[in-house]
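Encoded as structure tokens, the structure appears first; notes follow it.
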Amino acid sequence: MAQTPPTTVRLPPLFITNSAHQVCYQRAIPNTTSPTIQSRMPSREATHAGSWYSDHEPTLSSQLEKWLAQVPDELPGIGRLPIAGARVIIAPHAGYAYSGPCAAWAYKALDLSKAKRIFLLGPSHHHHLSTLALPQLTSYKTPLSPDPLPLDTDLITHLLSTTSTNTHFTTMSPPVDSAEHSLELHLPYIHHLLRTLYPTRAPAAYPRLVPMMVGSTSPATEAAFGALLAPYLADDTNAFVVSSDFCHWGLRFGYTYYLPVPAASSTTTTTTRGTATGAAEARAAIDAVSGGGAFKARSRMLGGGAGVPLIHESISACDVACMRAIASGETELFLDALRRTGNTVCGRHPIGVVMAGLEAVRRSQGEGERDGDGDGDGDGDGLQKSKFYFVRYERSSDVVAAGESSVSYVSAFTVL
Numbered sequence: 009m010a011q012t013p014p015t016t017v018r019l020p021p022l023f024i025t026n027s028a029h030q031v032c033y034q035r036a037i038p039n040t041t042s043p044t045i046q047s048r049m050p051s052r053e054a055t056h057a058g059s060w061y062s063d064h065e066p067t068l069s070s071q072l073e074k075w076l077a078q079v080p081d082e083l084p085g086i087g088r089l090p091i092a093g094a095r096v097i098i099a100p101h102a103g104y105a106y107s108g109p110c111a112a113w114a115y116k117a118l119d120l121s122k123a124k125r126i127f128l129l130g131p132s133h134h135h136h137l138s139t140l141a142l143p144q145l146t147s148y149k150t151p152l153s154p155d156p157l158p159l160d161t162d163l164i165t166h167l168l169s170t171t172s173t174n175t176h177f178t179t180m181s182p183p184v185d186s187a188e189h190s191l192e193l194h195l196p197y198i199h200h201l202l203r204t205l206y207p208t209r210a211p212a213a214y215p216r217l218v219p220m221m222v223g224s225t226s227p228a229t230e231a232a233f234g235a236l237l238a239p240y241l242a243d244d245t246n247a248f249v250v251s252s253d254f255c256h257w258g259l260r261f262g263y264t265y266y267l268p269v270p271a272a273s274s275t276t277t278t279t280t281r282g283t284a285t286g287a288a289e290a291r292a293a294i295d296a297v298s299g300g301g302a303f304k305a306r307s308r309m310l311g312g313g314a315g316v317p318l319i320h321e322s323i324s325a326c327d328v329a330c331m332r333a334i335a336s337g338e339t340e341l342f343l344d345a346l347r348r349t350g351n352t353v354c355g356r357h358p359i360g361v362v363m364a365g366l367e368a369v370r371r372s373q374g375e376g377e378r379d380g381d382g383d384g385d386g387d388g389d390g391l392q393k394s395k396f397y398f399v400r401y402e403r404s405s406d407v408v409a410a411g412e413s414s415v416s417y418v419s420a421f422t423v424l
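Take my numbering: the final residue in the sequence shown is number 424, and no numbers are missing along the way.
Written out as structure tokens, the structure reads:
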């Protein structure tokens, strides 16, 4: 099979998928409202309810409860869930039929007990921008209550006043906000956790949200925004939700990277629970998956012979290399994994912003600091602070034929 050298693959600005993972290209929705808070509208509707997830409150509540209940109450090497101090998570944003169960692993680990504010960072799938955009609205609706979730409009106003060249926020118009799914798909889980934690409170009294749409940002821009967010990451009254799916593989996604030989065994399974990934281990994983390339469209089947990986095994190895790079805590390693495999991690820019912020927190608090005495009792003990631990990895299907496709999902948390 002819191979082409691996190249850096960046999804087009108009790359979008629907709940069935059908990819299409459509005109960008214009950001018709100027970046000002003067024209704030009251609430964003749950525009993807009824298609990407249920718009029926009893059904949606039952699904969320079921998926959370399916996650073990205790994880080996980590402890009981939620993990005290686990204030930052990575979770997927596909239709709930595909990614809902995987997302439950991150949300069951998330500690909101001290949260007064929840930052939500997600990629832009249809509106091109090279910075971060904030809402012009005051609240976001979900099917779980007639009352919407409140936004922290005071902080949003403050952030919009930031004048630094490298950290210039813009706003997303209501049409742009309503069309984007990467933020909305997290709202039911957040709403469910908050009403469980605060059963007597009205939603207006919940911790306030700070949604951020992250565009096609450069590494320098991500580092600058990470530095800006670092004080908020260090503050234990803030929680962060990072929205990302992982590999989008298939001809219809324009990505068919394939490893013709098996990757090292260390990269064919998910990151070991309770064990931090070091930089050397991450580099080895990246090196192991860097020898592939795109296959010809006429190819019908890949893998399955003696010593030849199946397509989904190749996808898994590339995803795990990216997970190990993220878990190392070194942004440069994550960028290197993306450059060398072109892995279509759609939330790579939000992940990059938060990784840069966590690196800044580690520099200020002491590199490699661990929490507690390492007894793994569910209090975050023994876990390396500000580095991600991946607890779940899934794919929408196991691809074996060239005409098939899949999307990958992960759940991760970090303790601060």
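No residue lacks a Cβ here, since even glycine has one placed at the ideal position from N, Cα and C. Owing to the predicted nature of the structure, the values given are computational and were not obtained by experimental measurement.
CB of LEU152 within 9 angstroms of CB of LEU68, strictly: Yes. Within cutoff.
Where do the N-terminal and C-terminal ends of the alpha helix (DSSP H) with GLY5 fall, by residue? Because the chain spans 9 through 424 in this model, residue 5 falls outside it and cannot be assessed.
Since SER224 and ILE98 should fall inside the 8 angstroms C-beta cutoff, what is the C-beta to C-beta distance between them, to a whole number of angstroms? Beta-carbon to beta-carbon, SER224 and ILE98 are separated by about 19 angstroms, too far to satisfy the 8 angstroms threshold.
In the structure shown, what three-state DSSP assignment does GLY108 receive? Here DSSP, grouped into helix, strand and coil, assigns GLY108 to helix.
With a cut-off of 8 angstroms on the beta carbons, I'd call PHE254 and SER416 a contact; round off their distance for me. Contact flag correct, Cβ pair sits at about 4 angstroms.
Whole-angstrom distance between THR422 and LEU241, CA atom to CA atom: Approximately 11 angstroms, taken between the alpha carbons.
Classification of VAL269 by the beta-carbon crowding that lies within 10 angstroms, buried from 16 upward: The residue in question, VAL269, is exposed, as its Cβ has fewer than 16 Cβ neighbours within 10 Å.
When you compare each of GLY258, HIS357 and HIS101 to ALA431 by their alpha carbons, which one comes out closest? Not covered by the structure: residue 431. The range shown for the chain is 9 to 424.
Quick check on GLU188: does DSSP put it in helix, strand or coil? In this structure, GLU188 counts as coil in the three-state DSSP scheme.
Hey, ALA77 and ASP63: beta-carbon distance below 9 angstroms or not? Not closer than 9 angstroms, so no.
Evaluate GLY374 with the Cβ neighbour count: other Cβ atoms within 10 Å of its Cβ, from every protein chain shown; 16 or more gives buried, anything less gives exposed. Label assigned to GLY374: exposed.
Beta-carbon within less than 7 angstroms of TYR263's beta-carbon, same chain only, minus the 5 sequence neighbours each way: which residues are those? Only VAL17, HIS256, TRP257, GLY350 and THR352 meet the Cβ criterion.
Runs of alpha helix (DSSP H) wholly within the stretch 143-184 (minimum 4 residues, chain order): Taking only runs of at least 4 residues, the alpha helix (DSSP H) segments lying wholly in the stretch 143-184 are 161-168.
Distance CB(TYR115)-CB(ARG52) smaller than 9 angstroms: Result no, Cβ atoms of TYR115 and ARG52 do not sit closer than 9 angstroms.
Cβ-Cβ distance between SER322 and ALA271 below 9 angstroms: Yes, they are a contact pair.
Would you check if there are 3 or more beta carbon pairs closer than 8 angstroms linking the stretch 79-91 to the stretch 99-106? The stretch 79-91 is not in contact with the stretch 99-106.
Could you check if PRO270 belongs to the surroundings of the ligand COA, using beta carbon to heavy atom distance under 8 angstroms? Questions concerning the ligand COA fall outside what the structure shown contains, since it holds no ligand whatsoever.
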